[in-house]
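Just below is one structure, and these are the notes that go with it.
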Amino acid sequence: MSQSTPTTISTTMSLIPLLQGITPLLSSFTTGLSLSLSVILVPRLLESPSPLMLRQWLSAFHQGKKLIPGLSILSSLGYFLLSWHFRPSGTSRLSKIYLLAGVTTLSIVPYTRIIMWPTNLKLMAKEEEFSSWGVVETARTATKEGEELTAKIVREEDHVLITEEEEKGAKYLVDHWGLLNLGRAGLVGLAAALGLGAGYI
Numbered sequence: 506m507s508q509s510t511p512t513t514i515s516t517t518m519s520l521i522p523l524l525q526g527i528t529p530l531l532s533s534f535t536t537g538l539s540l541s542l543s544v545i546l547v548p549r550l551l552e553s554p555s556p557l558m559l560r561q562w563l564s565a566f567h568q569g570k571k572l573i574p575g576l577s578i579l580s581s582l583g584y585f586l587l588s589w590h591f592r593p594s595g596t597s598r599l600s601k602i603y604l605l606a607g608v609t610t611l612s613i614v615p616y617t618r619i620i621m622w623p624t625n626l627k628l629m630a631k632e633e634e635f636s637s638w639g640v641v642e643t644a645r646t647a648t649k650e651g652e653e654l655t656a657k658i659v660r661e662e663d664h665v666l667i668t669e670e671e672e673k674g675a676k677y678l679v680d681h682w683g684l685l686n687l688g689r690a691g692l693v694g695l696a697a698a699l700g701l702g703a704g705y706i
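Here the numbering used here is used: the first residue of the sequence shown is 506, the next is one more, and so on.
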């Protein structure tokens, strides 16, 4: 039966401070990345016409889907390892804080699936609908009083006009997605705060 050597124990102990520093840093980076989608990207998207806005949102969505979940899983693994390491050492409070940080980080998965996914599906359906029309423009007509009204959807070969209602509906969905994403960023940010705070206990 193999036994832990002093060298192995020493190596493990030397990696713990490194893990305590890297894991909250990774959580903080993920928080910043997620926040930038709502605070920086979404306002710029809302300035674009709906078809372009939806294409850009979909591109950002696919890029974020590749990065944020993976970074969050790495962070949670780091927190769980730290929680396991400090559990038998008598520092149960520290172990519980890291455990809470890991669970909080992983909670973005059910949050995304339950809270955000319906809006994601609506946005993807809207983007597919607009893309199937080819060239899309917002049409407006003037009334006798000089007010602007949006024309009904008109199909003229590959030239399509969308209503103001469609335009506002698409922008509302993107804006709503940005608000929901703030909640997801908040969860990861809370985990980062717990991880950083644990380093001072």
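Where a beta carbon is used, it is the ideal one built from N, C-alpha and C, also for glycine.
Item	Value
Residue 548, DSSP secondary structure in three states	helix
Residue environment, residue 543, which counts as buried when at least 16 other CB atoms sit within 10 Å	buried
Residue 607 and residue 581 closer than 8 Å at C-beta	yes
Simplified DSSP assignment, three categories, for residue 616	helix
Rounded distance between the beta-carbons of residue 696 and residue 725, thought under 8 Å	Shown here, the chain extends from 506 to 706; a query on residue 725 therefore has no answer.
Assumed close pair residue 679, residue 628 - CB separation to whole angstroms, cut-off 8 Å	7 Å
Cβ contact check for the stretch 549-561 and the stretch 612-626: 3 or more pairs under 8 Å	no
Status (buried if at least 16 other CB within 10 Å, exposed otherwise) for residue 630	exposed
Whole-Å CB distance - residue 676 paired with residue 551, under 8 Å assumed	6 Å
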